[in-house]
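Below is one structure, written out as structure tokens; the observations come after it.
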Amino acid sequence: MQRNNQTAWGLFNGVLAGALWGMVFLAPALTTAFSALQLAVGRYLLYGAVACALLLPLWPALRAQVDRRAWLALAGLSLLGNLVYFVFLAMAVHWAGGAAAALIVGMVPVVVAAVDARRPTALPLRQLAPALCLCVLGSLLVAWAALGHGGGAMADADRDLGQRVLGLLCALAALAAWSAYSIANVVWMRRYPRLSGHAWSLLTGVATGAIAVLLLPLALWLGPLGQSQGQWLHFAGICALLAVGASVLGNACWNRATRSLPLSLGGQLIVFETLFALLYGFIWQQRGPTLLELLAIALLVGGVVLAAQAHARWEKIHG
Numbered sequence: 001m002q003r004n005n006q007t008a009w010g011l012f013n014g015v016l017a018g019a020l021w022g023m024v025f026l027a028p029a030l031t032t033a034f035s036a037l038q039l040a041v042g043r044y045l046l047y048g049a050v051a052c053a054l055l056l057p058l059w060p061a062l063r064a065q066v067d068r069r070a071w072l073a074l075a076g077l078s079l080l081g082n083l084v085y086f087v088f089l090a091m092a093v094h095w096a097g098g099a100a101a102a103l104i105v106g107m108v109p110v111v112v113a114a115v116d117a118r119r120p121t122a123l124p125l126r127q128l129a130p131a132l133c134l135c136v137l138g139s140l141l142v143a144w145a146a147l148g149h150g151g152g153a154m155a156d157a158d159r160d161l162g163q164r165v166l167g168l169l170c171a172l173a174a175l176a177a178w179s180a181y182s183i184a185n186v187v188w189m190r191r192y193p194r195l196s197g198h199a200w201s202l203l204t205g206v207a208t209g210a211i212a213v214l215l216l217p218l219a220l221w222l223g224p225l226g227q228s229q230g231q232w233l234h235f236a237g238i239c240a241l242l243a244v245g246a247s248v249l250g251n252a253c254w255n256r257a258t259r260s261l262p263l264s265l266g267g268q269l270i271v272f273e274t275l276f277a278l279l280y281g282f283i284w285q286q287r288g289p290t291l292l293e294l295l296a297i298a299l300l301v302g303g304v305v306l307a308a309q310a311h312a313r314w315e316k317i318h319g
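Below, the structure is given as structure tokens:
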């Protein structure tokens, strides 16, 4: 009975994390009066402030463990995995549509697993082949739909072909940035084993906030002008929602989920981020998915689930 309750609690937190993270893919569509860089800087300024407030009580115990090399690593990780990733993601949503961006970026677990397969003790690439094939086929369908074929519902009808292609390239760049961050972050966390995952996350938030402060003048200078007071208030609200909801609460829910669930189940819950991102996008566009989109969703989600199952079997055997 206790195990069932723990599993239910883990599932609830995993689904909630996906629902909170999925908001990230809708935010660019809600803030079209502002640039992708402005949205990224606004979000991470607030996230940095929240992380700083949460870190202050822990800092006396952490001070001796965080050296100059750690801060440099945190700065690089923050730039790559937060600001660079989110700017590319926002541009992908603007130009290719939220559905295409969500489906392409949703392949991160499979890409990371494929790169990790080079390690002698990692899951062999041949066991990931079915998942990779599904993801490749799904990506081709996403590109086909986003470029205006099959009804063109995945792409914004107001965007020309060149902008849609740029949007897909931005989505691929976001996928590459987040995959590289995921791998590098694990490497650096292992070099500082005395720092908990929670502490590392807060330190990353502080580093991201500091970089956002440095980028603020550039974001204001390069961004569009003439927004009304109401638009600025709306923008601030979206940034706060992303900072607190996606970055703080979403990460906390995911940590609780992964602690409560076995690997075979926890790894598959990452698909809820993609599913909620798609749901929000379809609600915003006031439409349902086309047949082509449904097929792409099935292929990509199936690929991620197959990869998670393959990892679970490998860990069970080779532990």
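If you use the UniProt record's numbering, the sequence shown corresponds to residues 1 to 319, in order.
We put the beta carbon where it would ideally sit given N, CA and C, even for glycine.
All of these numbers come straight from a predicted model, not from anything done at the bench.
Confirm, please, whether the CB-CB distance from residue j to residue i is below 7 Å.
i	j	result
residue 371	Ala243	The requested residue 371 is not part of the displayed model; the chain covers only 1 to 319.
Glu273	Gly18	yes
Ala145	Leu168	no
Phe282	Thr31	no
Tyr44	Ala174	no
Asn185	Leu77	yes
Tyr280	Leu16	no
Leu141	Leu20	no
Arg164	Leu137	no
Gly98	Ala257	no
Val110	Cys135	yes
Pro193	His94	no
Ala298	Gln268	no
Tyr85	Ala210	no
Ala252	Gln127	no
Taking only the alpha-carbon atoms, compute the straight-line gap between residue i and residue j and give it to the nearest angstrom.
i	j	result
Leu300	Ser139	7 Å
Leu249	Phe12	13 Å
Met189	Leu203	12 Å
Leu225	Ser35	10 Å
residue 325	Leu55	Missing from the structure shown is residue 325; the chain here goes from 1 to 319 and no further.
Thr208	Ala49	10 Å
Leu222	Asn5	51 Å
Pro130	Asp160	34 Å
Gln229	Gly237	12 Å
Ala199	Thr290	43 Å
Met107	Gln227	36 Å
Ala75	Asp67	13 Å
Ala33	Gln231	8 Å
Leu261	Pro120	27 Å
Leu233	Ala53	23 Å
Val187	Ala96	33 Å
Leu195	Leu79	20 Å
Pro60	Ala100	45 Å
Gly81	Arg69	18 Å
Ala312	Pro217	46 Å
Glu293	Arg191	42 Å
Leu122	Trp284	The residue you asked about is not Leu; residue 122 is Ala in the sequence shown. Cα to Cα, Ala122 sits roughly 41 Å from Trp284.
Val24	Ile317	37 Å
Leu83	Val271	23 Å
Gly151	Gly162	Caution applies to Gly151, whose pLDDT of 47 falls short of 50 and renders its modelled position unreliable; the model cannot decide the point.
Taking 6 Å as the limit between beta carbons, can you name the residues of its chain near residue i, skipping five residues before and five after?
i	result
Ala240	Leu46
Leu215	Val41
Cys170	Phe88, Met91, Ala92
Ala51	Leu202, Gly205, Val206
Ser247	Tyr47
Phe276	Gly18, Ala19, Gly22
Gly303	Val110, Ala131, Leu134, Cys135
Leu37	Val87, Ala219
Gly14	Ala257, Leu269
Ala73	Trp188
Leu166	Trp95
Leu39	Thr31, Ala90
Within a Cβ cutoff of 7 Å, which residues of the same chain sit near residue i, ignoring the five residues on either side of it in sequence?
i	result
Val112	Ser179, Ser182, Ile183
Leu172	Ile104
With residue i and residue j assumed to form a contact (beta carbons below 8 Å), what rounded beta-carbon distance in angstroms separates them?
i	j	result
Leu306	Ala102	With a Cβ gap of about 19 Å, Leu306 and Ala102 do not count as contacting.
Ala114	Pro124	That pair is no contact at about 11 Å.
Excluding five sequence neighbours on each side, which residues of the same chain lie with their C-beta closer than 8 Å to the C-beta of residue i?
i	result
Leu58	Ala199, Leu202
Gly197	Met189, Asn255
Gly245	Leu20, Met23
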